[in-house]
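Numbering (the numbering used here), first residue to last: 601 to 808.
Below: one structure, written as structure tokens.
Shown next as structure tokens:
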């Protein structure tokens with residue numbers, strides 16, 4: 601995702617780090633290959649026969665080694681990352697809210713499958729008129745389905761769209777704060793466990 605955002609100019613990173621990040625993208629390919637191989641081993645595992653599991657060790661260890669090489673580069677990208685909100689805002693397109701439009705119809709009692717079809721018709725209609733979806737006249741929407749009402753204008757609000765995604769893992773400010781708290785708690789717990797493990801590990805050279 602970051603690689604794509606840098607490529608289209610929505611964020612900026614230090615040049616040296618960016619070049620390193622490009623190498624990370626190359627490093628991802630063997631990791632995906634290892635994942636595919638691991639899943640193939642598990643999928644082909646016969647019932648009550650576990651000896652094939654010895655084949656899962658190589659991709660796991662190789663993926664771990666590759667990940668350890670990649671993490672410092674990713675950390676460098678995040679530390680030098682400059683977000684460009686103006687570019688992001690300029691890239692917004694009402695068509696991005698097509699799913700929100702389908703959700704709007706679902707709230708009106710229309711099954712999602714039918715709502716998806718109706719939104720597709722609206723998108724094609726707007727494209728044929730060469731106007732953004734948000735500027736399609738209400739009469740045009742209602743010619744597609746009477747479920748569209750004057751309140752449809754509320755759908756084309758990007759900030760509201762973000763706020764509506766308030767389920768676990770969603771994009772609303774509340775959901776993001778919960779995820780940040782969980783991430784901080786996880787890191788703190790990891791540091792604590794690592795510290796305890798290090799203190800309990802015997803050290804050589806002192807006769808112990």
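Idealized CB from N, CA, C, for every residue including glycine.
Presumed contact (8 Å Cβ cut-off) between residue i and residue j, rounded CB distance
i           : j           : result
residue 739 : residue 732 : Residue 739 to residue 732, Cβ: 16 Å. No contact.
residue 744 : residue 705 : Going by Cβ atoms, the distance from residue 744 to residue 705 rounds to 10 Å, so no, they are not a contact pair.
residue 592 : residue 663 : Lying before the first or after the last residue shown, residue 592 is absent from the chain, which here runs from 601 to 808.
Beta-carbon proximity list for residue i, same chain, < 6 Å, skipping 5 on both sides
i           : result
residue 573 : Outside the displayed range of the chain (601 to 808) lies residue 573, so it cannot be described from this structure.
residue 655 : 641
residue 701 : 719, 755
Distance CB(residue i)-CB(residue j) smaller than 9 Å
i           : j           : result
residue 758 : residue 669 : no
residue 694 : residue 756 : yes
residue 734 : residue 753 : yes
residue 659 : residue 637 : yes
residue 775 : residue 768 : yes
residue 680 : residue 630 : no
residue 736 : residue 722 : yes
Element boundaries [alpha helix (DSSP H), containing residue i]
i           : result
residue 763 : 758-764
residue 771 : Counting along the chain, residue 771 falls outside any alpha helix (DSSP H), and DSSP gives it neither H nor E.
residue 712 : 712-729
residue 708 : No alpha helix (DSSP H) holds residue 708; DSSP gives it neither H nor E.
residue 742 : 738-744
Own chain residues within Cβ distance below 7 Å of residue i, not counting five before or after
i           : result
residue 771 : 762, 765
residue 809 : Outside the displayed range of the chain (601 to 808) lies residue 809, so it cannot be described from this structure.
beta-carbon residue i near the ligand ATP non-hydrogen atom, thresh 8 Å
i           : result
residue 736 : In the structure on display, the ligand ATP does not appear, and there are no ligands present to speak of.
Please list the segments of the alpha helix (DSSP H) lying wholly inside the region 668-693, counting only runs of 4 or more residues, in order along the chain.
-> 685-690
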